[in-house]
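K.L.:
When you line the sequence shown up against the UniProt record's numbering, it's residues 513 to 794, in that order.
Built from N, CA and C at the ideal position, the CB exists for glycine as well.
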Amino acid sequence: RAKADGRNRFRYFDSSLDATARRRNLIEQELALAVSLGTLELYFQPLIDAQSHQVVCAEALLRWNHTRLGPISPGEFIPIAEETGLITSIGAWVLREACRVSSSWPDNIRVAVNLSSRQFLSPGLVPMVENAMKTNAMRPGRLELEVTESLLMNSTPAVEQTLKTLSKLGIRIALDDFGTGFSSLSYLRRFRFDKLKIDQSFISDMDTNEDGRAIVECVIRLAKDLRMSVAAEGVETQNQLTALRQLGCGEIQGYLVARPMSATAFATFLNAGDDGSERRYA
Ligand code: C2E
Ligand code: MG
Ligand code: MG
Ligand code: MG
513 RAKADGRNRF
523 RYFDSSLDAT
533 ARRRNLIEQE
543 LALAVSLGTL
553 ELYFQPLIDA
563 QSHQVVCAEA
573 LLRWNHTRLG
583 PISPGEFIPI
593 AEETGLITSI
603 GAWVLREACR
613 VSSSWPDNIR
623 VAVNLSSRQF
633 LSPGLVPMVE
643 NAMKTNAMRP
653 GRLELEVTES
663 LLMNSTPAVE
673 QTLKTLSKLG
683 IRIALDDFGT
693 GFSSLSYLRR
703 FRFDKLKIDQ
713 SFISDMDTNE
723 DGRAIVECVI
733 RLAKDLRMSV
743 AAEGVETQNQ
753 LTALRQLGCG
763 EIQGYLVARP
773 MSATAFATFL
783 NAGDDGSERR
793 YA
């Protein structure tokens, strides 16, 4: 009987795997097409200074609205782009587009671009970054590159060298999703990051338990002691914002402030704050 069960179970998993594999293949093909047709979009989500509530930065986030399949999240297509190598051309476009769009913003507003670990395998990364900045006459300090712990988890001397080179160019390097990796603290010894972004799972914990707040407090203090700036991701409630301000968190990003929006909407969002009036979440 165990054998029969096993066989049934196998058949069940087999057919479900099939659907997953089919979806994956479809996305892979359609993504290659989207890249060549130029139908991917870049959205921007503001980061504000926790004290002044001024916009200080915007994170560029990929959006893909497929005519037939509807919106497909980067959480689904980025891993496929990484596996297939498409991430190289997508990443190059994201960098160029983020630099182009942000060149029309006030000079004190930075733009943050996410980099996949896979992009670090390509020796073309540094020239590509330099080129995107040069084309748009961009001051290096306005560009922030967000990397995750997975980059350092399997890192080679070449990866660390690339990080150092980018850093020497004056580009800011941020450690994204901080706290979700396997040994976050050891990475802080290996490379001097300019910024830590506390993962949103810790921020949402702040509302529900004391320990959540203690962890966030501890990360903020750590960042300060190591002279890094610190941002909170996924801030959704006024309570979280108030607590983060009290704890001395530097920058705030989340739906409470604004959702990611098109470049045009972001320009309007910036202008709306021009009169210096406090924003809604003040
Ligand atoms: P991430 O870099 O950690 O980006 C933050 C994610 O949190 C974004 O999801 C953003 O829309 C979402 N978010 C922001 N505020 C809130 C909030 O208050 N509540 C909640 N629930 N979510 C919030 P998104 O846009 O779906 O992107 C997911 C991930 O995909 C990103 O995580 C990043 O790792 C990756 N990604 C997006 N664009 C790019 C890109 O251009 N290149 C690369 N390599 N990866 C990208
Ligand atoms: Mg990010
Ligand atoms: Mg993040
Ligand atoms: Mg995150």
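I'd like the span of the beta strand (DSSP E) that includes P583, first residue to last.
P.N.:
G582 to I584
K.L.:
Exposed or buried, which one is P618 when buried takes at least 16 other CB atoms within 10 Å?
P.N.:
exposed
K.L.:
With ligand 3 as the reference, list in chain order each residue whose Cβ lies under 6 angstroms from any of its heavy atoms.
P.N.:
D688, D689, K709 and E745
K.L.:
Less than 8 angstroms between C-beta atoms, sequence neighbours within five positions excluded: which residues of the same chain meet that for I599?
P.N.:
By the criterion of a C-beta distance shorter than 8 angstroms, I599 is surrounded in its chain by I590, A593, S628, R630 and Q631, once the five residues flanking it on both sides are discounted.
K.L.:
Buried or exposed, going by whether 16 or more other CB atoms sit within 10 Å of the CB of T532?
P.N.:
With fewer than 16 other Cβ atoms within 10 Å, it is exposed.
K.L.:
Can you tell me whether K646 is buried or exposed? The criterion is at least 16 other CB atoms within 10 Å of its CB, across all chains shown.
P.N.:
exposed
K.L.:
Mind checking which residues open and close the beta strand (DSSP E) that includes Y555?
P.N.:
E553 to D561
K.L.:
Following the continuous alpha helix (DSSP H) through F781, name the residue where it begins and the one where it ends.
P.N.:
A775 to A784
K.L.:
Can you give me the Cβ contacts of L574 inside the same chain, cut-off strictly under 7 angstroms, excluding the 5 residues immediately before and after it?
P.N.:
L552, L554, P586 and V606
K.L.:
So the alpha helix (DSSP H) L756 belongs to, where does it begin and stop?
P.N.:
For L756, the enclosing alpha helix (DSSP H) begins and ends at Q750 to L759.
K.L.:
Applying the criterion that 16 or more other CB atoms from any shown protein chain within 10 Å of the CB defines a buried residue, is D689 buried or exposed?
P.N.:
Buried, since its Cβ has 16 or more Cβ neighbours within 10 Å.
K.L.:
Mapping the DSSP letters down to three states, classify S629 as helix, strand or coil.
P.N.:
helix
K.L.:
Check whether the Cβ of I590 lies closer than 7 angstroms to any heavy atom of ligand 1, and answer yes or no.
P.N.:
yes
K.L.:
Could you give the distance in angstroms between the alpha-carbon of N783 and the alpha-carbon of E656?
P.N.:
22 angstroms
K.L.:
Mapping the DSSP letters down to three states, classify A743 as helix, strand or coil.
P.N.:
strand
K.L.:
Considering only residues of the same chain and omitting the five flanking positions on each side of S601, which have a CB-CB separation below 7 angstroms?
P.N.:
V547
K.L.:
Shorter than 7 angstroms, the distance from the beta carbon of N577 to the closest heavy atom of ligand 2, or not?
P.N.:
no
K.L.:
Does the distance from the C-beta atom of residue 484 to that of V769 stay below 8 angstroms?
P.N.:
For residue 484 there is no data in the structure shown, the boundaries of the chain being 513 and 794.
K.L.:
Taking only the alpha-carbon atoms, compute the straight-line gap between E729 and A744 and give it to the nearest angstrom.
P.N.:
11 angstroms
K.L.:
Hey, out of S698, Q752 and I710, whose CA is closest to E722's CA?
P.N.:
Q752
K.L.:
Quick one: is the Cβ of E658 within less than 7 angstroms of any heavy atom of ligand 2?
P.N.:
yes
K.L.:
Look up L655 in the DSSP assignment and say whether it is helix, strand or coil.
P.N.:
strand
K.L.:
Let me confirm a value: F694 is counted as buried when at least 16 other C-beta atoms fall within 10 Å, else exposed. Which label applies?
P.N.:
exposed
K.L.:
On the three-state DSSP scale, how would you describe residue 845?
P.N.:
Because residue 845 is not part of the residues shown, which for the chain are 513 to 794, the question remains open.
K.L.:
Can you list, in chain order, the residues of its chain whose CB lies under 6 angstroms from that of R757, leaving out five sequence neighbours each side?
P.N.:
Closer than 6 angstroms at Cβ, skipping near neighbours: A562.
K.L.:
Taking C-alpha atoms, which residue in V567, L700, R535 and L633 lies nearest to L581?
P.N.:
R535
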